[in-house]
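Written below as structure tokens is the structure these notes are about.
2 protein chains.
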Amino acid sequence: MYNHSVYILEPKSVALIGASDDEAKLGCSILKNLLEGSYKGEIFPVNPKHKEMMGKRCFAAIEDIPETIDLAVIVTPAMTVSGIAEECGKKKVKTLVVISAGFGELGTDEGRAREAELKTIVTKYKMSLVGPNCLGILRPSIGLNASFAATPSKAGSIALISQSGAMAVALLDRSEETDLAFSLVASIGNKAAMNESDFLEICEKDSNTTVIGLYLESIQDGVRFIDTAKRISPKKSIVLLKAGISKRGAKAVSSHTGALAGSSAALDAGCVAAGIHRALSTEEFLGLLSVLNGEPALLSSNIAVITNAGGPGVLATDAAEREKLTLADLDPKTSAALKSALPEAASIGNPVDVLGDAKAKRYAAALEACASDPEVDGIVAILTPQVMTPCEDIARTIIATKKNHRLLPIIPCFMGGPHLQEARALFSKTGLPCFGSPEEAMHAMASLLIKPKHSSVTVNDDCDDDRSSEASAILKGRHGLLQEELTEDLFQLYDLPTPDQAIAHSASEAAEIAGEIGYPVIAKVSSPEILHKTDIGGVRTNLKNERDVKEAYDEILRNCGKAMPSAGIRGILIQQFLPIGSEFIIGGIRDANFGPLVMVGLGGIYTELFRDTCFSLAPVSEEKAYEMLSSLQSWRLLLGMRGKGALDIESLAGAIVNVSAMMHDCPNISEIDLNPVLVSKDRIIVADAKVMLTSSEDI
Amino acid sequence: MYNHSVYILEPKSVALIGASDDEAKLGCSILKNLLEGSYKGEIFPVNPKHKEMMGKRCFAAIEDIPETIDLAVIVTPAMTVSGIAEECGKKKVKTLVVISAGFGELGTDEGRAREAELKTIVTKYKMSLVGPNCLGILRPSIGLNASFAATPSKAGSIALISQSGAMAVALLDRSEETDLAFSLVASIGNKAAMNESDFLEICEKDSNTTVIGLYLESIQDGVRFIDTAKRISPKKSIVLLKAGISKRGAKAVSSHTGALAGSSAALDAGCVAAGIHRALSTEEFLGLLSVLNGEPALLSSNIAVITNAGGPGVLATDAAEREKLTLADLDPKTSAALKSALPEAASIGNPVDVLGDAKAKRYAAALEACASDPEVDGIVAILTPQVMTPCEDIARTIIATKKNHRLLPIIPCFMGGPHLQEARALFSKTGLPCFGSPEEAMHAMASLLIKPKHSSVTVNDDCDDDRSSEASAILKGRHGLLQEELTEDLFQLYDLPTPDQAIAHSASEAAEIAGEIGYPVIAKVSSPEILHKTDIGGVRTNLKNERDVKEAYDEILRNCGKAMPSAGIRGILIQQFLPIGSEFIIGGIRDANFGPLVMVGLGGIYTELFRDTCFSLAPVSEEKAYEMLSSLQSWRLLLGMRGKGALDIESLAGAIVNVSAMMHDCPNISEIDLNPVLVSKDRIIVADAKVMLTSSEDI
């Protein structure tokens, strides 16, 4: 892309093509918004039917404007937009904001063609394009409102990037009631040229922006989005509200991994990898923007609660437990300080109860004592408006304490209504969040917690070229379900241990193979078409002698013949009977948008019941693999529970890394299931596996 | 108790003992509140130091008042309260509201003694008592504010009963901003005499009250509370915000059931049984009060969403999925009506998108079409304030539609800020809830859903007296862990199938018993002191012949000797090797406050990992047992999954009922674990069980 950011963030001149003085038209709302702001740059209305508009000279066409145009806002009917864009190109306009609807969003061929044409033109003239079908952009710091959003916005440091214009309007209007103030508001519409990743980059460069809020309905190029966010998130907080998390669409999946991934595993994993705060509701989105904008990071889970009433203190304690925060044991010095500053009836534990008749002085003492306590990394300060509670004074005290402890998050929770109006206004003016319930305040505090960095997620990138080319050789020209022997070859290449086994083509051959492997054995049908072997009676286990094996051979053939008479059967796989171990699943899937994902979880029948799984974007380092394992509820099973010792975690983590490498090396693998992976004390073994290759049509 | 409700809800006269004209005193705030309201009854300030106060004659003592006193509010120092209560008793005052603190809440002997004395006095004179240590009561419909809450409250139909005065104040203040209006506000303080159950009964009788909101920190007499709520909840909605859900206190538990119960299983089960809406946060509490007050019940999960913007429609769809609501397939008639009423670009699916330029007329058409659709049982109507969106008109349209469809919940979701002020005020005036985000609106809608009545929860109450007395005979004089043989006798009595087994006292006797039972067998240590046998190597399974059994006998003794050398060992239990089945757990525990609870869940090692359990208050009917089972994630396992047929659900449900009966019949059983209960296709068997009896000290 071109260096569009300066022409979006600081345009020196704006043309409005389709300007109007008819109140019913968007061209009128936008012109008013442009003129009513404090924007110092030049504004040029364009409309061939007018000589003058709202006191400004009106131009017949963009080419008639004598000055250079940084930003052209187009709000004419869709069919005219390409022509106008062409004129803008010739005029060397830097950025187009196309408000007009009637493009790809119509879902018609005509609309799509119009959008493609527009894209061609902006590419030809190296113009940036916002939209089409958008609300426009607002840059409050320079008084620029190039949108039809009625709400003027205070200047602040939150950038709001919204795919929906209506959501942007609703959030802007809402922010008037709260403490949100914006560095940039951009409605990105159909994203014909510039998308969320481009806007992330603009915000990266914008020194006004410290927090980026994204409302998205789709993500173009997930890999770029995650990479960009990963780069930015250590410097600026990114909050995402993603609409459309409902059930996965039509695309069929044939693996457990695919079924478990659902529609949001890739995005979830991407957000974790990129350090994006994922909001699950509109309220949470606004709360996160507010708190991340106003508060520093929480360095540990140890916090203190200060309150002037017992009940809310108990609710805060409950909420802290839910949010996995800890009410710190206060230092003896803190306790002494509290004891000397507070009345005898006050509670100097944690929560600190300064009592219902507390004035600002008691709050100040309690805040200062807790803020200076080395055990305390964050404070929630609760106020209920009791008789003669000086709410404003106490708000001022909290703000003052924050100034002395800039690196310590102190979150006010003022519970009530009209009595708190002035106090809330004080917080708002200072850009500080203020919550209305202990649960919201605690949730906000938890969002500030810096996640322990288990892994630097640096993966050995000088990958094994030999292995990679050997894998290519095995998979070359193959499609669909990979057959057993090749799967075994591939797994050997990637150090994934499989049981001793061979395919039998007759009952007596089966017995012969079993004799070589050693009893007991298991027997399984081998067929590329039978995916869930157990379900149709295609597996028999714990076969102890020749007779068992021969009977099993015949029975399996019978069962498969009955259940899937048309399936091609390559024989019966005779396999070493495996040692008892806990069943896990390792999987891989290739997401169309975010690329390869690796999964690990509890295996066997419990996989489907409890979905105790963790997905991560590939590549996965060994440290990341440990992090994935330790995030499972089954981690306790691996550590050893109820008299059982620890299982072979190291080998299991290694297998995750190897599956990640395989997904990386072999782009024609679409899905892998290693299920179950039997994990015992000193080894793991992949008891069953399925490798799905892209079908030839997919390539 | 006495018939206090009339003297609390409609007192004809109020005395304020401790009335004051000193602004720093509560006696002044309360007197002002009493006088400033529109209360028509008589008000008598009492204070020996004044002849007159705020224009009212002031009495030296309550006995000096010439009239009858229905309600006396006491706000004098704690040490004077008993004396005054005694005087009130003599004066035949009906109800005391003791605002004064300095009683049981101090945690001192003196405070507790003072509270006990007060209780004795009110009992002697048959007075009702609210408090001590409370905020007072408000009855807005008669203009009575006998509290020191500064906020006047609108009269409405929500009763707010709060254990914390500060929470009541905060919620009242907050309600000024929202649409909450109250029939009664009572702060119940230390609950020395009247507690939450008494107030539930008052609300039951109060025709002004339709919704009851309880903020509680403790529950006195859980059984009475649940029984009372169960009786009331079909007529009036009850919402509970319970503070103090954190980790269970000191009381040790020795069973899995006890460990899994945690601190809130009994309350959770109680709320389910009683039809109480349990709010998990302050916001949810307020939201539930609002929606249950304003909206009728939702008869099915099928709803429609109407919106003027796509994005919020998608968020609403996401939220509906999370809340287990379904966007109904609209009837062809509805689609036709929508098609004719809306512009071509509108979406006539569900969500119905009336487009950004929609005026009230389009909303009216969409609302009417959806409300008349037999497939639609509820509507969420979303508005974003776009250019020229007539927010108030649309609010009026929604209110009008509701009037034509009184039995259909229609929840408005107006997203934004100041632009919506007037529209919100309209909803508020009509007593209708209005939410600010699709997620909140959908959560509220879900709370209106009538839960399918699986069970009438009528349990055969003519219990089996013979069985009950036989059980008593078995348990008489026993304490601690019940030994195996007696457990078996007890289980036989309650039709709980146990494996064939006998205790061996030598290796050769073990082999003999195994021979009688038939191989394979398992061997387990029998010791009242060893609770977790597997953990210390006290169990060996799948013993196939005499040699195996003899070896296992010796090994178990060795293991136990090493791990718990001091444990008394009664022998080694030789038991039938059980058929393969899925492991479940059934348990029982006696909660000190709520009485006996029954639990069922997935058993074995996964019990602790996933806590897939369901608790219910006993007694449990067969229908209720099915309901419990179907609420488990493991229900799918019981129904049969992955090629396995259904398991013996009927026997499992029967066992739950039998455990419930056992808990009922045997009050000295404190905890029971049946773990694992092996469930196969055609039978269940209790493979291991533990019955804990109350220790002699407990009785």
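If you read the sequences in order, they're chains A and B.
With the numbering used here applied, the first sequence corresponds to residues 1 to 699, in that order.
With the numbering used here applied, the second sequence corresponds to residues 700 to 1398, in that order.
We put the CB at the ideal spot given by N, CA and C, even for glycine.
Given the structure is predicted, the values throughout are model-derived calculations rather than measurements.
Are any of the Cβ atoms in chain A nearer than 8 angstroms to that of B/K775?
Sequence check: residue 775 of chain B is Thr here, not Lys. No, B/T775 lies away from the interface with chain A (no Cβ there is under 8 angstroms from its Cβ).
Taking the CB atoms as reference points, tell me whether B/I1109 and B/T1100 lie closer together than 8 angstroms.
Closer than 8 angstroms, so yes.
Chain A partners of B/F847, CB-CB under 9 angstroms?
The answer, in chain order, is Q386, V387.
Given that B/Q1332 touches chain A, what residues does it touch there, using C-beta distances under 8 angstroms?
Near B/Q1332 (Cβ distances below 8 angstroms), the residues of chain A are L609, F610.
Should B/D1164 go down as buried or exposed, given a rule of 16 or more other Cβ atoms within 10 Å for buried?
Label assigned to B/D1164: exposed.
Going along the chain, which residues of its own chain have a beta-carbon closer than 8 angstroms to the beta-carbon of A/G654, five neighbours each way excluded?
If we look at A/G654 and ignore the five residues flanking it on each side, its Cβ neighbours are D495, E622, A625.
Does the structure place the region 1179-1189 of chain B close enough to the region 1223-1232 of chain B that three or more beta carbon pairs sit under 8 angstroms?
Under the Cβ criterion (8 angstroms, minimum of three pairs), the region 1223-1232 of chain B counts as touching the region 1179-1189 of chain B.
Would B/I1047 pass as an interface residue toward chain A - the criterion being a Cβ-Cβ separation below 8 angstroms?
Taking CB atoms only, B/I1047 has no neighbour in chain A less than 8 angstroms away.
Under the DSSP definition of a beta bridge, which residues are partnered with B/K1389?
DSSP, once it has assigned bridges, lists B/D1372 as partnering B/K1389.
Short of 7 angstroms in beta carbon distance, which residues of its chain neighbour B/P1084, apart from the five on each side in sequence? Order them along the chain.
Excluding residues within five positions, the ones whose Cβ falls inside 7 angstroms are C1090, G1115, H1118, L1119.
Residue-level contact to chain A via CB, B/H1118, 8 angstroms cutoff
Chain A contact via Cβ: present.
Tell me which same chain residues have a C-beta within less than 8 angstroms of the C-beta of B/F1276, skipping the five on either side of it?
These residues qualify, in order along the chain: Y1218, P1219, V1220, I1221, T1240, N1241, L1242.
Which same chain residues end up closer than 8 angstroms to A/R703 when comparing Cβ atoms and leaving out the 5 residues on each side of it in sequence?
No information on residue 703 of chain A is available, as it lies outside the stretch 1 to 699 that chain A covers here.
A/M194 versus B/S1281 - alpha carbon distance
Roughly 55 angstroms separates the two Cα atoms.
Taking Cβ-Cβ distances shorter than 8 angstroms, what residues in chain B pair up with A/Y215?
Near A/Y215 (Cβ distances below 8 angstroms), the residues of chain B are G1010.
Coarse secondary structure for A/F44, derived from DSSP in three states:
In the structure shown, A/F44 falls within a strand segment according to DSSP collapsed to helix, strand and coil.
Does the beta carbon of A/T108 come closer than 8 angstroms to any beta carbon on chain B?
A/T108 has a beta carbon lying at 8 angstroms or more from every beta carbon in chain B.
In whole angstroms, what is the alpha-carbon distance linking B/I761 and B/N746?
One C-alpha to the other measures close to 9 angstroms.
For A/C614, list the residues DSSP reports as bridge partners.
Bridge partners of A/C614: A/V600.
What residues of chain A sit near B/G1055, judged by a beta carbon separation below 7 angstroms?
Here the neighbours are A166.
7 angstroms Cβ cut-off: residues of chain C touching B/T1312:
Absent from the structure is chain C; the protein chains it does hold are A and B.
Taking A/V620 as the reference, give the member of A/G603, A/C413, A/G588 with the closest Cα.
Looking at the Cα atoms, A/G588 is the closest of the given residues.
Label B/P1031 either buried or exposed according to how many other C-beta atoms from any shown protein chain fall within 10 Å of its C-beta, with 16 as the threshold for buried.
Per the 10 Å Cβ criterion, exposed.
Within 8 angstroms of any Cβ in chain B, is that where the Cβ of A/T282 sits?
It does; some Cβ of chain B falls within 8 angstroms.
Hey, is A/Y606's beta-carbon within less than 8 angstroms of any beta-carbon in chain B?
Taking Cβ atoms only, chain B reaches closer than 8 angstroms to A/Y606, which makes this a yes.
What's the call for B/P1137, buried or exposed, on a 16-neighbour Cβ count within 10 Å?
Buried, by the Cβ-count rule.
Can the beta-carbon of B/L1147 be found less than 8 angstroms from the beta-carbon of B/V990?
Against a cut-off of 8 angstroms, the Cβ pair of B/V990 and B/L1147 comes out as a contact.
I'd like to check one pair, B/G1012 with B/P676: are the Cβ atoms closer than 8 angstroms?
Any answer about residue 676 of chain B is impossible in this case: the structure gives chain B only from 700 up to 1398.
Would you say B/R1382 and B/D1347 are within 8 angstroms of each other, going by their C-beta atoms?
A Cβ-Cβ contact shorter than 8 angstroms links B/R1382 with B/D1347.
Could you spell out the range, first to last residue, of the alpha helix (DSSP H) harbouring A/G313?
Where A/G313 is concerned, the enclosing alpha helix (DSSP H) stretches over 310-322.
Pick from A/V305, A/E368, A/S651: whose alpha carbon is nearest that of A/M445?
Restricting attention to A/V305, A/E368, A/S651, the CA atom closest to the CA of A/M445 is found in A/V305.
Would you say B/E1139 faces chain A, with C-beta separation under 8 angstroms as the test?
Flagged as an interface residue toward chain A: B/E1139, by a C-beta distance shorter than 8 angstroms.
Taking A/I474 as the reference, which of A/Y606, A/K56, A/T430, A/I669 has the closest Cα?
Residue A/I669 is the option with its Cα nearest to A/I474.
B/D872 versus chain A: which residues are under 9 angstroms apart at the beta carbon?
Within chain A, T384, P385, M415, G416, G417, P418, H419, L420 have C-beta atoms less than 9 angstroms from the C-beta of B/D872, given in sequence order.
What do you reckon, are the CB atoms on A/D71 and A/V14 nearer than 8 angstroms?
Note that residue 71 of chain A corresponds to Leu in the displayed sequence, not to Asp. Cβ atoms of A/L71 and A/V14: closer than 8 angstroms.
Inter-residue Cα distance where the pair is B/A1386 and B/W1334:
Spanning the alpha carbons of B/A1386 and B/W1334 requires a straight line of approximately 20 angstroms.
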